[in-house]
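Enquirer:
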Amino acid sequence: MILLRLSGHSCAGKTRLINLLPAYGINCPKVIRYTSRLPRKEEVDGEDFIFKTREYIESLPEEKFLVGLVRNIVQAFDLQQIESNLKKNDILLVEIYPALWPRLIQRLENRMQQKITTASVFMTAVDPARIRKFRNKTEK
163 MILLRLSGHS CAGKTRLINL LPAYGINCPK VIRYTSRLPR KEEVDGEDFI
213 FKTREYIESL PEEKFLVGLV RNIVQAFDLQ QIESNLKKND ILLVEIYPAL
263 WPRLIQRLEN RMQQKITTAS VFMTAVDPAR IRKFRNKTEK
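For any residue, its number in my numbering is found by taking its place in the sequence shown, counting from 1, and adding 162.
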């Protein structure tokens with residue numbers, strides 16, 4: 163089992179990438195996070211996030227959830243659900259704020275009493291025109 167971390171700046175294309183994976187034959191279950199932010203127009207409650215109030219998320223039991231601050235919103239991860247999905251699947255995708263990652267791994271390893279294999283991908287939005295300005299060192 164592998165827990166694959168996807169993280170990056172807001173609007174870097176993380177959700178778009180996740181949604182495109184099946185079109186390329188990659189069917190990887192993902193962790194559905196709780197969030198206190200309002201849904202975007204294209205987001206579906208229970209599929210993209212579980213949208214709840216800040217008060218609701220902050221009241222989730224600590225032994226069952228990892229709750230953390232992400233900028234000015236609160237997010238939570240259902241540890242039991244993640245553990246169950248890891249046991250059922252070869253790979254599980256989690257989109258997570260980088261500062262929460264070490265706590266999530268520690269909590270899961272404590273729960274499961276084993277080391278978890280992880281991999282990470284960080285995405286950032288960069289204007290392609292800026293990238294084209296850089297030339298390969300071998301080019302003149």
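Each residue gets a CB set at the ideal place from its N, CA and C atoms; glycine is no exception. Note that the structure is a prediction, hence the values are computed from the model and not measured.
1. Any chance the region 249-262 sits against the region 202-221, with 3 or more Cβ pairs inside 8 Å?
2. Have a look at residue 247 and residue 295 and give me their C-alpha separation to the nearest angstrom.
3. Using CA atoms only, rank isn't needed, just tell me which of 179, 194, 165 is closest to residue 187.
4. Considering Cα atoms alone, identify which of 171, 167, 163, 200 is closest to residue 287.
5. Check whether the Cβ atoms of residue 241 and residue 165 lie closer than 8 Å to each other.
6. Nearest by alpha-carbon distance to residue 275: which of 209, 251, 245, 282 is it?
7. Determine the contact status of residue 279 and residue 163, defining contact as a CB-CB distance below 8 Å.
Expert: Reading off the structure:
1. When Cβ pairs closer than 8 Å are counted between the two stretches, the region 249-262 is seen not to touch the region 202-221, the count staying below three.
2. In this structure, the CA atom of residue 247 is about 43 Å from the CA atom of residue 295.
3. Answer by Cα proximity: 179.
4. Comparing Cα positions, the closest option is 171.
5. No, the pair does not count as a contact, with Cβ atoms beyond the cut-off.
6. Closest in alpha carbon position to residue 275, among 209, 251, 245, 282, is 245.
7. Yes.
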